[in-house]
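Sequences listed follow chains B and R, in order. The numbers in the working numbering rise by one with no breaks, and the one at position 292 of the first sequence is 292. The numbers in the working numbering rise by one with no breaks, and the one at position 173 of the second sequence is 173. Data first, discussion second: the structure below is written as structure tokens.
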Amino acid sequence: MSAALLPGWPAAALVPLPVAIPLAVCAGLLATAHFLPKRLPDILAAVTALVVSGLCAWLAVRAGDGTVDYWFGGWEPRQGVALGIGFSVDAASGWIAAFIGLLYALAFVFAWGFFAHTHGHFQILMLLFLAAMVGFCFTRDLFNLFVWFEVMSVAAFALTAYHLEESALTGALNFTVVNSLAGFLMLGGIGLLYARAETLDFAGIAASVAHSGRDPVVAGGFCLVAAALMIKAAAVPFQFWLADAHTVAPSPVSVIFSGAMVSLGVFGLAKLSAFVFAGSGQIRDTLPPLMIGLGAVGAVLGGWMALLQRHLKRLLAFSTISHAGIMLTGIGALSAGGTGGLLVYVVGHGMVKGGLFMIAGILLATRASVDEISLRGLGRGIGPAGAAMAVAGLLLAGLPVGLLDQGSRLLHGALEGAHPYALAANLVGAALTGAAVLRAAGRIFLGLGEDPGDEAGAPSEEEREKADRPLWLMLAPCCVLLAVDVAVPADWVRTLAPHAVAAFTRQTLTGSLHEGPAWAAWGSVAGALVLAAYALFRQRLPGAVERPLSVGQSLPARALEGLHSGLIGDYVAWLAVGLALIAGLLALA
Amino acid sequence: MSPRLRLTLLGAALAGLLPGAVAVIGRLPEFGATIAAYGERINAIVPAERHVANMVSAINFDLRGLDTLGEEFMLLAAITGTVVLLRGRRGEETTDRAMRLPGRAILPRSEAVVLTCRLVGPLLMLFGLYIVVHATVTPGGGFQGGVILASGTLLAYLGEGYAGWRDVVRSHWLDAMEGGGAFLFVLCGLAPMLTGAAFMQNVLPLGTFRDLYSGGLMLIENAGVALAVCGGFTQLFLEFLEETRESAGPEESGEDSA
């Protein structure tokens with residue numbers, strides 16, 4: 001579309017626009033919001049997000065097998081030294097940015113009229129958030145990456161606390177403290193890498209890393225930068241903030257948090273470890289145990305915690321921790337297949353999880369609660385939402401259709417031979433999170449499970465989101481997300497992926513992309529159905545079977561719940577433990 | 001976790017990190033070692049190619065202008081977020097009645113304070129403007145000057161009282177300044193693209209080295225930043241001061257701000 005307006009421009013000329021357009025719209029909105037008609041910010045924001053999505057998709061197409069490079073301010077590198085800031089768009093980054101734009105557009109539609117009284121402040125913060133995410137995907141400059149990382153965080157902090165209840169403020173504070181620490185760590189890491197490489201350009205740092213051999217400064221820089229991105233990606237043991245923040249944020253914001261922000265942490269880590277740090281043997285040796293280990297633990301732990309929740313948004317937040325763990329195992333596979341699987345998984349997961357948070361938002365708007373127990377049977381009037389939730393639950397569990405499944409199968413294929421435990425953990429994580437969602441869907445929309453009695457009145461804060469929005473307006477974006485996840489042709493992805501992965505990793509990772517066995521996907525779906533059925537109908541089982549099971553799981557479950565204390569001091573202590581873990585593995589490698 | 005357990009865990013983790021930290025610090029470049037290659041190269045290029053004496057401004061607004069654009073919007077996000085959170089609790093209403101502690105006497109404003117503020121206020125504003133316009137020549141620039149300008153408005157509060165300050169400072173205008181300044185900055189990026197140049201490429205005449213007019217496009221970007229920072233910080237002061245006001249109506253707890 002822009003190409004028609006500006007004939008003769010090469011694709012490269014459009015690279016800054018997906019970042020600049022939302023920024024310009026957001027500044028314009030801020031300057032004029034008091035005078036604009038009430039609905040205009042909604043419309044403007046949704047259209048802007050769609051334009052960004054379209055531009056990114058077009059750039060992704062034009063990038064083809066290589067990259068589209070762009071130097072801001074016209075500062076082209078001289079004698080091989082980068083002077084200014086560059087963007088480098090490969091097909092994978094472009095498609096992921098296009099997906100993020102689409103997710104925002106749908107979130108804006110979902111939030112239609114949600115924030116009518118705020119003079120467009122919600123749209124302003126969300127558009128900033130969008131611009132930062134696209135910049136994060138495209139940049140090839142380490143400090144610029146940090147800038148977008150921070151813009152994302154600052155916009156996210158305010159959006160989290162939006163409801164201003166005590167829980168919202170606590171969640172936002174935990175989020176702010178932990179993610180600000182991530183910012184400090186990242187800045188420290190950038191300082192170390194700059195001290196060694198004397199440049200901030202990814203390619204320049206990569207060259208220096210490849211030359212410096214076993215260098216503690218490079219390893220220290222990697223340790224800090226990786227920890228910062230793993231905090232964003234909610235990897236164990238940095239994951240604690242996520243459940244608190246995603247639970248309390250307004251639903252349209254949670255859609256973005258779980259659908260895009262967390263996976264961008266993994267995305268950034270995958271890009272840096274392939275593009276920048278691939279030349280260091282020490283870091284290459286560290287990645288598999290670190291990412292496979294933490295990813296596998298996260299996949300199982302997040303899934304288990306999800307199964308223990310009755311607050312639907314907290315349940316979904318823990319499932320995001322589980323899925324982020326699954327993505328991390330893709331980095332640990334250290335192969336083109338693992339990275340390709342991870343990239344496809346990011347998109348598929350974002351669509352399904354975004355759709356699920358929209359359903360939680362629908363319940364908040366129409367039923368004024370997201371408590372699974374007290375909502376038992378109350379979803380009957382909104383059956384289509386229940387059907388969408390069941391489909392999303394099955395997709396989450398690994399139902400072999402759509403992008404999410406294609407991503408998981410590529411991951412399975414990459415993990416199959418060398419890392420059987422990680423493969424098992426991925427399947428268990430998918431089954432657990434799928435079971436949690438299916439159980440909640442069965443209880444809320446079909447009234448299954450035992451009558452809770454007094455349990456129904458949860459001692460929680462009153463939650464309600466703006467109610468007078470039509471159901472179809474909230475349900476449509478959710479269905480679009482699920483439909484896109486299912487409808488993207490598998491063959492198209494299959495032909496695109498090998499070239500996109502090679503360009504994304506800058507040809508540093510090798511190996512073919514092959515898909516894992518079909519039994520694995522069916523296995524996790526079956527596991528999810530059995531677990532959900534157990535959770536709903538366990539009172540009908542004979543006591544001799546049921547009692548040891550529930551006693552056996554109660555102690556570790558309580559210990560796990562105890563760890564997620566909500567106390568920021570605990571979270572910081574765990575953060576230090578995680579940092580020490582990365583440093584320790586680097587020292588041993 | 002009990003506090004003791006938490007501290008033990010933290011201590012153990014930090015002890016584990018210590019050898020790594022020592023190893024890293026031992027291998028860092030010496031204190032006072034030569035400037036990194038990147039910095040050296042920029043020092044060589046900027047005066048010749050951009051006619052700018054203040055290297056920091058040249059890096060901020062030209063070589064690494066995109067970072068500054070991001071930072072400008074980070075500030076905008078922080079201020080918008082603060083406004084959203086404070087107003088969400090307080091509501092949009094404003095009043096000039098201050099909250100009072102019962103039994104505490106209200107002292108009239110001393111004439112010395114009023115006189116000092118009236119004298120220093122304009123001078124401070126002038127100094128702020130000076131810092132802004134000399135961005136490319138001497139240390140300073142839009143960010144620093146903008147903050148000075150914003151604190152100049154606070155002197156009006158100190159000297160004239162809250163009602164007088166609110167008369168001068170209107171929230172809508174501040175939004176317009178903040179958003180307009182940021183918009184001007186983005187426009188400085190987009191406009192060169194219409195001529196076929198790169199985003200934020202310095203296409204204006206560069207002016208004379210060490211002259212007030214030097215740096216071309218940087219001057220406009222700098223003005224945008226000054227406008228946005230001044231509007232943003234004043235907005236921040238206004239929101240925080242409004243927190244000290246008596247609430248206009250009866251307390252509306254749990255108001256549905258959504």
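We treat Cβ as the ideally placed atom computed from N, Cα and C, and that holds for glycine.
- An exposed status is given to ALA37 of chain R, since fewer than 16 other beta-carbon atoms sit within 10 Å of its beta-carbon.
- Contact between GLY350 of chain B and ALA260 of chain B is confirmed by a C-beta separation of about 6 Å, below the 8 Å threshold.
- Annotation: THR82 of chain R is outside any beta strand (DSSP E); the continuous alpha helix (DSSP H) that includes it extends over 65–90.
- Secondary structure note for TYR213 of chain R: it is in no beta strand (DSSP E), with a DSSP letter that is neither H nor E.
- According to the DSSP secondary-structure assignment, ALA98 of chain R is paired through a beta bridge with R:ARG245.
- Exclusion of the five residues before and after ALA476 of chain B leaves VAL109 as the residues of its chain whose Cβ lies within less than 8 Å of its Cβ.
- For THR67 of chain B, the enclosing beta strand (DSSP E) starts and ends at 67–71.
- Between the alpha carbons of SER524 of chain B and LEU181 of chain B lies a distance of about 36 Å.
- Straight across, the Cα-Cα distance linking LEU496 of chain B with ALA467 of chain B is about 43 Å.
- Look at the stretch 60–86 of chain R: the residues with a C-beta under 8 Å from a C-beta of chain B are ASP62, LEU63, ARG64, GLY65, LEU66, ASP67, LEU69, GLY70, GLU71, PHE73, MET74, LEU76, ALA77, ALA78, THR80, GLY81, THR82, VAL83, VAL84, LEU85.
- Burial check for ASN43 of chain R: the Cβ neighbour count within 10 Å stays below 16, so the residue is exposed.
- Interface criterion met: the Cβ of LEU164 of chain B is under 8 Å from a Cβ in chain R.
- Around the beta carbon of TYR421 of chain B, fewer than 16 other beta carbons lie within 10 angstroms, which makes this residue exposed.
- GLN507 of chain B is classed as exposed because its beta carbon has fewer than 16 other beta carbons within 10 Å across all chains shown.
- In the DSSP assignment, GLY86 of chain B falls within the unbroken beta strand (DSSP E) covering 86–90.
- Under the three-state reduction of DSSP, ARG538 of chain B is assigned to helix.
- Residue environment analysis places TRP95 of chain B among the buried positions, since at least 16 neighbouring C-beta atoms fall within 10 angstroms of its C-beta.
- In this structure, DSSP gives HIS514 of chain B a state outside helix and strand, which the three-state scheme calls coil.
- Here THR195 of chain R is exposed: its Cβ has fewer than 16 other Cβ atoms, across all protein chains shown, within 10 Å.
- At least 8 Å separates the CB of GLU111 of chain R from every CB of chain B.
- Looking at B:PRO542, B:VAL217, B:ALA521, B:LEU363, the one whose alpha-carbon comes closest to that of LEU394 of chain B is B:ALA521.
- DSSP places ASP454 of chain B within a helical segment (H, G or I) once states are collapsed to three.
- Of all residues in the stretch 149–173 of chain R, only SER171, HIS172 place a beta-carbon less than 9 Å from a beta-carbon of chain B.
- Contact fails between the stretch 63–78 of chain B and the stretch 313–328 of chain B, because fewer than three Cβ pairs, one in each stretch, are under 8 Å apart.
- Within chain B, the residues placing a beta-carbon under 7 Å from that of GLN201 of chain R are GLY73, GLY74, ordered along the chain.
- LEU575 of chain B is not a Cβ neighbour of VAL81 of chain B, given a cutoff of 8 Å.
- When C-alpha distances from SER280 of chain B are compared across B:CYS223, B:PRO10, B:GLY66, B:GLY355, the shortest belongs to B:CYS223.
- Short of 7 Å from the beta carbon of LEU63 of chain R, and not among the five residues preceding or following it, lie these beta carbons of its own chain, in chain order: ILE42.
- When 8 Å is used as the limit between beta carbons, ILE373 of chain B is near no residue of chain R, the shortest such separation being about 23 Å.
- For MET177 of chain R, the uninterrupted alpha helix (DSSP H) segment begins and ends at 171–194.
- Boundaries of the alpha helix (DSSP H) around ALA131 of chain B: 121–138.
- Considering only beta carbons, the part of the stretch 3–36 of chain R lying closer than 7 Å to chain B consists of ARG6, LEU9, LEU10, ALA13, LEU14, GLY16, LEU17, GLY20, ALA23, VAL24, ARG27, LEU28, PRO29, ALA36, in chain order.
- The beta carbons of TYR157 of chain R and LEU241 of chain R sit closer together than 8 Å.
- Residues are counted here when their Cβ sits less than 8 Å from a Cβ of chain R; for the stretch 347–379 of chain B the count is zero.
- Contact with chain R is absent for TRP112 of chain B, since none of that chain's Cβ atoms lies less than 8 Å from the residue's Cβ.
- When secondary structure is reduced to three states using DSSP, HIS246 of chain B falls in the helix class.
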